[in-house]
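Report on the following structure.
Protein chains: 2
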Amino acid sequence: MSDRFSADYILRTRGDAARTAEIAAGEQSSGTFVAIPGEDAALKERSAARVELLEQVEDPGTPAQTGSAGDGPVTSWRMRISWPLENIGPSLPNLVATVAGNLAELKQVAGLKITALDLPEAFLKAYPGPGFGTAGTRRLTGVADGPLIGTIVKPSVGLTPEGTATLVDALCAGGIDFIKDDELQADGPFCPFEDRFARVMDVIDRHADRLGRKVMYAVNITGEVDEMKRRHDIVAARGGTCVMASLNSVGLAGLTALRRHCSLPIHAHRNGWGMLGRPSDSGWSYPAWATLWRVAGVDHMHVNGIANKFWEPDESSVASARACLTPLHPDHPRTVMPVFSSGQTVLQADATYRAIGSTDLIFCAGGGVVAHPDGVAAGVHALRAAWEAAVAGIPLEQAAREDPRLAAAIRAFS
Amino acid sequence: MSDRFSADYILRTRGDAARTAEIAAGEQSSGTFVAIPGEDAALKERSAARVELLEQVEDPGTPAQTGSAGDGPVTSWRMRISWPLENIGPSLPNLVATVAGNLAELKQVAGLKITALDLPEAFLKAYPGPGFGTAGTRRLTGVADGPLIGTIVKPSVGLTPEGTATLVDALCAGGIDFIKDDELQADGPFCPFEDRFARVMDVIDRHADRLGRKVMYAVNITGEVDEMKRRHDIVAARGGTCVMASLNSVGLAGLTALRRHCSLPIHAHRNGWGMLGRPSDSGWSYPAWATLWRVAGVDHMHVNGIANKFWEPDESSVASARACLTPLHPDHPRTVMPVFSSGQTVLQADATYRAIGSTDLIFCAGGGVVAHPDGVAAGVHALRAAWEAAVAGIPLEQAAREDPRLAAAIRAFS
């Protein structure tokens, strides 16, 4: 099937599922609602989408989407549709228009969620993919083993460049590996990008002289394409080692333009993902959606975390992280580092390691670092100790008996 | 409130609404879940988002979104949150991260839909807005009055460049004003952009010599940023008068990059919109979402149509079209031409005119043009006649008594 691409869906319908699937495939390829001059059978056959799989699954019993036709009960189906690559060529924006276009608007469709994408190698050859991934990120940070222990600049907004640099100084002194901007702060007038970045890098460089390694700062460059390129160039010229962009704010063509210009790891923030991922019968599953950005070429992707502060169940975050670490293709793995965040503390290290089976990840804690009762250094130490215990298979409470800072973290965050 | 921007939402929650609203506002500004060194009251006050309105509305009684906290009944609220412009500056991508970011993922939120955006003038000064709009589109097409009668190249995929040009020849001969590519065809190997565009323009130029006006061809240039710019330049150099891009495929930064480079009207296709617009308690209302693209600067926006083939109720399409024609700001109206499509025929002209009260629109019919029993010219004539009757207040059946081609269209499409 190397010359076709396919998408898997959970389809809900109140009508005949086979007929609905054919309508969806027709809408997204050579179908029209009225016979048209110029159509002929060979032309339609060459370009037609095919329903490759239609298999009933349990329906959740929730209401049909607004405007669904029919008055029968809603049924749920696993559906796979494939298209000839020749319809679009290996173009991610045109892939999105094909697999995630008008079909969700069909009245015969009572719910539609994209659960997987399968792309031929042509896509993987047409896009650069991650420039750094885990190996490049470890090299740039000097963290050979274990997760990168990271944190987020908080408060999200309101800090001046000086305030940000002061916070970063404390974090670097405390032994952090990775610091990211909040997604709400890119180039606000109170905290302009250039001034913030320059002040933070002065601090990072100073600590690098001491540490022999450079703390990675994912500076938020989200903006217009030219702005992002210009900011990237400033970061690269000054010796920064990472840039961050909000995927849903920038979009696929903008992110790809950044990637093709970029000589640094791209830290991909997924804010706004809730609109696509949370509805049970609309949007995308995270593994399917992440495929787009992995092909385009980001290096780190947010996956939320176990026992997070948001809506997402643990099994969903775990599936997302595992997907990030699973090759897309034997010759083009396009694996990316999953980024855990949202209410993460020492308490989640063991469960995360057991669920993921890897330390090729970034474990970001905000309060979980800076709200340690003995300070930032103790917070970073405790997180690292919790992960070392997890990897060694030592229960957290047992490890804490000989590590007062870990013990204090457990008490503080329980 | 010129130094703040705001978003309106329908918020659903199973908890205390005032508390949920404050959590959402805090999540999207200076709030954190744990007190952090460096925070102080003045800093928080300067950057805090404010809940400006919280007013209970009737709840639809549908289930809460996945992962909603609490076990109380779900209630629905109109909520407005405002932010200081200084948090982000007039940047559309950072606006999206702020108004449509993580707040939809809060477990206290059981549903969240953005219903309106109110932006200070700084945004309207920072972005070019539509370069052509209605006046420019009328000038380029030579259609001084009435709607532009348009159609879509069908089948969506499968036609060669020659086949497309043959179809366009028939459409131009038939008197069409506007032709758009299907969103599924941009630069597929069977129908490469350059060859298709060149052949279509040869046809359009030939008819322009005869007509004294040029049929507008919205050629689909959807792709990477550099591809779109290059294709735009080819279109502009060859005398084309419109380019089309799929908004959800390209994204906001990509579209803006195209706009800043562009010397032609941008025909904005909304395929994929169903994922954001159809769920009742997630995503965006169309008027709110369209604000982003109107500020950025597209010229034509798809709104579906009355009695369309998709899920959307008439009142929703009508509200979308009215929003497109309603100024955003007295000095920066940013109005765009609404594009009606999806199963449109002579039968919808009167209802559309009565609902919209304007002919500053593009009325696209696929089958409604080419499937007229007397051919394309009769199809175009009948649509124009139906609109003339609507504007004159003459009932369609009455107008058809003296117009056999209109009468045939009514019979064919009823």
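Just so you know, the sequences run in chain order E and V.
Just so you know, my numbering puts 262 at position 262 of the first sequence, and the rest follows in order with no gaps.
With positions in the second sequence counted from 1, the corresponding number in my numbering is that position plus 1000.
The beta-carbon is built from N, C-alpha and C at its ideal position, and this holds for glycine as well.
Looking at V:R1238, V:L1054, V:S1414, the one whose alpha-carbon comes closest to that of I1204 of chain V is V:R1238. Its chain contains A17, A18, A21, W77, M79 as the residues whose beta carbon lies nearer than 7 Å to that of L54 of chain E, once the 5 sequence neighbours on both sides are disregarded; these appear in chain order. Cβ contact annotation for R1199 of chain V (same chain, cutoff 6 Å, sequence separation greater than five): P1161, A1165, in chain order. With 16 or more other CB atoms across the displayed protein chains lying within 10 angstroms of its CB, E224 of chain E is buried. With a threshold of 16 other beta carbon atoms within 10 Å, D1403 of chain V meets it and is buried. Residue pairing by DSSP places I179 of chain E opposite E:T151, E:Y217 in a beta bridge. DSSP places N304 of chain E in the uninterrupted beta strand (DSSP E) bounded by 300 to 304.
Here DSSP, grouped into helix, strand and coil, assigns C1364 of chain V to strand. Secondary structure within the region 1378 to 1406 of chain V: the alpha helix (DSSP H) runs of 4 or more consecutive residues, fully enclosed, are 1396 to 1401 (chain order).
Distance from the CA of Q1185 of chain V to the CA of A100 of chain E, rounded to the nearest whole angstrom, comes to 14 Å.
Assignment of beta-bridge partners to S1246 of chain V by DSSP yields V:H1269. Interface criterion not met: the Cβ of P1120 of chain V is under 8 Å from no Cβ in chain E. Judged by DSSP in its simplified three-state form, K1113 of chain V adopts strand. A contact is defined here as three or more CB-CB pairs under 8 Å, and the region 90 to 98 of chain E fails this definition with respect to the region 63 to 71 of chain E.
Taking C-beta atoms as the reference points, I1149 of chain V and L1406 of chain V fail to come closer than 8 Å. P1130 of chain V and Q344 of chain E have their C-alpha atoms roughly 45 Å apart. Looking at the DSSP output, F1005 of chain V sits in a beta bridge with V:W1083.
In this chain, the beta strand (DSSP E) harbouring R50 of chain E covers 50 to 57. At a Cβ-Cβ threshold of 8 Å, A25 of chain E and V51 of chain E count as neighbours. Beta-carbon to beta-carbon, K113 of chain E and I10 of chain E are separated by about 5 Å, close enough to satisfy the 8 Å threshold.
Take V1380 of chain V, set aside five residues on each side of it, and the residues of its chain with a beta-carbon closer than 7 Å to its own are I1149, G1174, G1175, I1176, V1369, in chain order.
Where F132 of chain E is concerned, there is no enclosing alpha helix (DSSP H), because DSSP gives it neither an H nor an E.
Near chain E, meaning a CB-to-CB distance below 7 Å, the residues of the region 1287 to 1320 of chain V are K1309, F1310, W1311, E1312, P1313. For Y1286 of chain V, the closest alpha carbon among the candidates V:A1041, V:E1315, V:A1392, V:G1297 is that of V:E1315. For P338 of chain E, the uninterrupted beta strand (DSSP E) segment begins and ends at 337 to 340. By the neighbour-count definition (other C-beta atoms within 10 Å, threshold 16), E45 of chain E is an exposed residue.
Burial check for G1188 of chain V: the Cβ neighbour count within 10 Å reaches 16 or more, so the residue is buried.
When DSSP states are grouped into helix, strand and coil, L1328 of chain V belongs to the coil group. In this chain, E1105 of chain V is not harboured by any alpha helix (DSSP H), its DSSP state being neither H nor E. Under DSSP, F310 of chain E shares a beta bridge with V:L1106.
In this structure, the alpha-carbon of L1159 of chain V lies about 16 Å from that of Y1217 of chain V. The straight-line gap separating the alpha-carbon atoms of V1346 of chain V and D233 of chain E is approximately 55 Å. For T75 of chain E, the secondary structure class from DSSP, reduced to helix, strand or coil, is strand. Of the candidates E:F123, E:E105, E:D202, E:P73, E:F123 places its Cα closest to the Cα of S6 of chain E. Taking a cut-off of 8 Å for Cβ pairs, the region 1258 to 1278 of chain V and the region 273 to 290 of chain E touch, as three or more such pairs fall below it. Using a Cβ-Cβ cut-off of 7 Å, P189 of chain E is close to E1086, G1089 of chain V, given in chain order.
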